[in-house]
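Trainee:
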Amino acid sequence: MRLSFYPGCSLEGMANDYARSIDAVFKNLSIDLVEIEDWSCCGATAAHSLNQAMSVVLPARNLAAAEKMELDIVSPCAMCFNRLRFSQNMIKKKVFDIPWPVTGDIRVHDMTRFLAEPPMIKSIKERILRPLNGLRVVCYYGCQMVRPPKITGYTDYENPQTMDRIAAAAGAQVIDWSYKATCCGASIGIARREIGESLTKRILQKARQSGAEAIVVSCPLCQSNLDMIQKDRSKRHTPVFYFTELLRLSFEEHGDPKWFKMHFTDPVPLLRAKGLLS
Amino acid sequence: MQNIISNPDQAHEHDSGEERKLIGDRGDYFLNRMQGETGVNISACYQCERCTNACPVSHFMDIKPHQAIRYVQLGWREDLLKSSTIWMCLSCEMCTTYCPNEVDVAEIINHLRNMAAHSSITPKEKSLAVFHQTFLEVLQKSGKVNEFRLMNAYYSKPDILKERVKQGILIEDLLLGMTLLRKGRLKLFTPKSRAIKEIKKVYSQTRGEIV
Ligand code: SF4
Ligand code: SF4
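Protein chains in written order, with this note's numbering: chain P, 27 to 304; chain E, -18 to 192.
1. When you compare the stretch 35 to 42 of chain P with the stretch 125 to 135 of chain E, are there three or more beta-carbon pairs, one atom per stretch, that lie closer than 8 Å?
2. Is the beta carbon of P:Ala198 closer than 9 Å to that of P:Leu296?
3. For P:Arg153 and P:Tyr167, what's the separation of their Cα atoms in angstroms?
4. Bridge partners for P:Gln199 per DSSP, in chain order?
5. Which word fits P:Phe52, buried or exposed, when buried means at least 16 other C-beta atoms lie within 10 angstroms of its C-beta?
6. Taking the DSSP output, what are the residues bridged to P:Val60?
7. Following the continuous alpha helix (DSSP H) through E:His40, name the residue where it begins and the one where it ends.
8. For P:Thr181, count the other beta carbons within 10 Å of its own beta carbon; 16 or more makes it buried, fewer makes it exposed. Which is it?
9. Would P:Cys245 be called buried (16 or more neighbouring beta carbons within 10 Å of its own) or exposed?
10. Could you tell me whether any Cβ in chain B is nearer than 9 Å to the Cβ of P:Tyr268?
11. Between the stretch 64 to 75 of chain P and the stretch 169 to 179 of chain E, are three or more C-beta pairs nearer than 8 Å?
12. Alpha carbon to alpha carbon, how far is E:Asn(-16) from E:Leu3?
13. Is the Cβ-Cβ distance between P:Gly69 and E:Leu117 less than 9 Å?
14. Where does P:Ala79 land, buried or exposed, given buried means 16+ other C-beta within 10 angstroms?
15. Cβ of E:Cys70 within 8 Å of any heavy atom in ligand 2?
16. Relative to ligand 1, is the shortest distance from any of its heavy atoms to the C-beta of E:Pro46 smaller than 8 Å?
17. Indicate the three-state DSSP secondary structure (helix, strand or coil) for E:Ile102 in the structure shown.
18. Which residues in chain E have a C-beta closer than 7 Å to the C-beta of P:Trp285? List them in chain order.
19. Distance, Cα to Cα, E:Ala35 vs E:Leu162?
20. Check the Cβ of P:Glu38 against every Cβ in chain E and list those closer than 8 Å, keeping chain order.
21. Can you say whether E:Glu59 is buried or exposed, counting buried as having 16 or more other CB atoms within 10 angstroms of its CB?
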């Protein structure tokens, strides 16, 4: 199977560990990810906020490149996924001029949903060498992957299940909780840190109260936000994993602590305690 | 508490002291314009406040999301463009998802933010507006956004640096930056995209320049 891959800017920087785990997981699943030729930034919140035309045009450039390759896109970042889908939607409405030949007909998959399809779950299960037994996690989806449902195509946007199914397939104990899709405030976190922190801390607190030892995410912004702002009086540490990091761990007989060296909240002690790392 | 219907003076508590604004000549001009540009049926709002209740940051906003919709109906354009609301909004799409009348509240607020960015009104939340602006500047320079360059460019804005010093968080920011570098999360160099020229051209065109 071949798909085009739109990594997005974060995967070259802050989320480089995500990129590496994706690479390992897809190789193991024998799915060929072909990076979109000379891709450019999707514009994220900034283009959308200040210049709507650019928020349609910027993702369209990448859509056009993928259409040329005749391969559906898989996007690991929730924000890019949302912007690509939004752009497709607007291309169809024909209210902005796009300087590149593009129809918007290609399929844009969000990576979690792609891997949570029943045949994928089956092949994931076949490859598990070391199930994540006893690891209690909550999955956190955030905003852009699920909302607005008209764009993202999620019908279970209030209680999304894609990562829950994947983490369960890897053997983890997945806990239900109510803050799966509540905003973590990452987009405001740099300019107005106190507001971002108030939102982030609430999510961390709820995750801990639900009994989770770790949080599983797929969005680079959510990851860095939840991972970096953990300081509080309780001094509790709740590692924040990309879902592909957990998959990679369960796919290989011996994990490597080096995989997790970019994390702020060090997950190695937890994984060692669970016998998942030596 | 007195009923606001029997006591019209309290109907607009938040701007008490100000003159009552009459709709007068503006009529529904602004409403029609907003509906036309966004394709959203703003008139369908019946002020149930579900959007505001779903919003994670409504308590930081001076005009609440449901009020913003009402203001559009009334044509109170300047109040909206001057508000903290349009910058505070996280585009989390909770309001849009839960509106019983399919009013795309997030899109309305986003459109107002676009309008404010192209107006002469000073943004109430300047640090947020400048952040978006900086992001687009970096994007135009390399076609992609490198976080290290983004943070550098953001802190190089005179107002931002001053503000961070005033709030006493500059040291914290620097320490965070160092940790990020040490952990390899900030990359000094990342590849550029070849699209820079094309992107610049479209960007100028969207701002009405003939290129
Ligand atoms: S949820 Fe919809 S109908 Fe209710 S106040 Fe908000 S915009 Fe109006
Ligand atoms: S999109 Fe903006 S206004 Fe709507 S709920 Fe989210 S933060 Fe509030």
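Every residue, glycine too, gets a C-beta built ideally from N, C-alpha and C.
Predicted model only: the values in this text are computed from it and were never measured.
Mentor: On the basis of the data shown:
1. They touch, by the three-pair rule.
2. As a working note, residue 296 of chain P is residue 270 in the first sequence. As a working note, residue 198 of chain P is residue 172 in the first sequence. Not in contact: P:Leu296 and P:Ala198 (Cβ atoms no closer than 9 Å).
3. Taking the first sequence and counting its residues from 1, the one referred to as residue 153 of chain P is at position 127. Taking the first sequence and counting its residues from 1, the one referred to as residue 167 of chain P is at position 141. In a straight line, the C-alpha of P:Arg153 is about 25 Å away from that of P:Tyr167.
4. As a working note, residue 199 of chain P is residue 173 in the first sequence. Answer is P:Arg162, bridged to P:Gln199.
5. The count along the first sequence starts at 1 and reaches residue 52 of chain P at position 26. By the neighbour-count rule (16 or more Cβ atoms within 10 Å), P:Phe52 is buried.
6. As a first step, residue 60 of chain P must be located in the first sequence, where it is residue number 34. Paired residue(s): P:Ser30.
7. Counted from its first residue, the second sequence places residue 40 of chain E at position 59. Premise fails: E:His40 is in no alpha helix (DSSP H) and is neither H nor E.
8. Mapped onto the first sequence, residue 181 of chain P falls at position 155. Exposed: under 16 other Cβ atoms inside 10 Å.
9. Taking the first sequence and counting its residues from 1, one reaches residue 245 of chain P at position 219. That one is buried.
10. Absent from the structure: chain B. Protein chains present are P and E.
11. Enough Cβ pairs lie closer than 8 Å, so yes.
12. Numbered from its first residue, the second sequence carries residue -16 of chain E at position 3. Numbered from its first residue, the second sequence carries residue 3 of chain E at position 22. Its pLDDT being 45, under 50, E:Asn(-16) is placed unreliably in this model, and the value from its coordinates should be taken loosely. Approximately 22 Å between the Cα atoms of the pair.
13. On the first sequence, position 43 is the one that residue 69 of chain P refers to. On the second sequence, position 136 is the one that residue 117 of chain E refers to. Going by C-beta atoms, P:Gly69 is nearer than 9 Å to E:Leu117.
14. Here residue 79 of chain P is taken as the residue at index 53 of the first sequence, counted from 1. With 16 or more other Cβ atoms from the protein chains shown falling within 10 Å of its own Cβ, P:Ala79 counts as buried.
15. Looking up residue 70 of chain E in the second sequence gives position 89. For E:Cys70, the shortest C-beta to heavy atom distance toward ligand 2 is below 8 Å.
16. To locate residue 46 of chain E, count along the second sequence from 1; it is residue 65. Relative to ligand 1, the nearest heavy atom lies less than 8 Å away from the CB of E:Pro46.
17. Residue 102 of chain E sits at position 121 when you count from the first residue of the second sequence. Secondary structure at E:Ile102: coil, using DSSP grouped into helix, strand and coil.
18. Position 259 of the first sequence, counted from the first residue, corresponds to residue 285 of chain P. Neighbours of P:Trp285 on chain E: none; closest Cβ ~12 Å, over 7 Å.
19. Along the second sequence, one-based indexing puts residue 35 of chain E at 54. Along the second sequence, one-based indexing puts residue 162 of chain E at 181. Distance from the CA atom of E:Ala35 to the CA atom of E:Leu162, rounded to whole angstroms, is 37 Å.
20. Translated into the one-based positions of the first sequence, residue 38 of chain P becomes position 12. The answer, in chain order, is Lys125, Asn127, Lys168, Thr171 and Pro172.
21. Along the second sequence, one-based indexing puts residue 59 of chain E at 78. Classification of E:Glu59: exposed, given that the 10 Å Cβ count is below 16.
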